[in-house]
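In what follows, a structure is listed as structure tokens, so that the remarks can point back to it.
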Amino acid sequence: MSLITVVGMLGGLVLVLLAKRVRKAAERLLADERAGLVGPQEVARARVEQKRRSLRLGQGVCGFMGILLVAVLGRAAVSGEWGGTTTYYAAVFGVLLVVSAVVLARVAADVRAAERALDAPGG
Numbered sequence: 000m001s002l003i004t005v006v007g008m009l010g011g012l013v014l015v016l017l018a019k020r021v022r023k024a025a026e027r028l029l030a031d032e033r034a035g036l037v038g039p040q041e042v043a044r045a046r047v048e049q050k051r052r053s054l055r056l057g058q059g060v061c062g063f064m065g066i067l068l069v070a071v072l073g074r075a076a077v078s079g080e081w082g083g084t085t086t087y088y089a090a091v092f093g094v095l096l097v098v099s100a101v102v103l104a105r106v107a108a109d110v111r112a113a114e115r116a117l118d119a120p121g122g
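Take the sequence shown: its position 60, counted from the start at 1, is 59 in numbering that gives the first Met the number 0, and no numbers get skipped.
Okay, structure coming up:
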């Protein structure tokens, strides 16, 4: 198993664990909101902060995918081996990077909209 495969698997595991942590925080917020423990303004602020955390996680995912893609292409350039495995890894990491970037753009737009709604009078 190559170092890139191991790093990719470990990085993916870390990202999954971070995503679960963000989701659990959202579930706690929803439970507190339903129980009436937090007010609407607090909920709005917490949701904006949750969206910011999701944005940072998305930035981490994009950065990680970019690093893996550069590592694969760099290894191929140094070794001169542009075989099937390199093509496969480059395609997988490239597609994941593009998908991550598209989702990141949507999350960034969502964060901006949530911040505008929070800053709006009566928001």
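A virtual CB, placed ideally from N, CA and C, is assigned to each residue, including glycine.
Outcome for residue i when other beta-carbon atoms lying within 10 angstroms are tallied against a minimum of 16
i: residue 87; result: exposed
i: residue 8; result: exposed
i: residue 77; result: exposed
i: residue 19; result: exposed
i: residue 119; result: exposed
i: residue 23; result: exposed
i: residue 117; result: exposed
Closest residue to residue i among the options (Cα-Cα distance)
i: residue 100; options: 12, 37 and 61; result: 61
i: residue 54; options: 73, 17, 68 and 36; result: 17
i: residue 92; options: 79, 71 and 5; result: 71
i: residue 58; options: 37, 106 and 6; result: 106
i: residue 15; options: 56, 113 and 46; result: 56
i: residue 109; options: 52, 97, 82 and 66; result: 52
Endpoints, the alpha helix (DSSP H) within which residue i is located
i: residue 54; result: 39-78
i: residue 96; result: 83-118
Rounded separation between residue i and residue j - CA only
i: residue 31; j: residue 84; result: 49 angstroms
i: residue 2; j: residue 103; result: 27 angstroms
i: residue 11; j: residue 68; result: 14 angstroms
i: residue 26; j: residue 6; result: 30 angstroms
i: residue 50; j: residue 36; result: 21 angstroms
i: residue 44; j: residue 115; result: 11 angstroms
i: residue 112; j: residue 63; result: 26 angstroms
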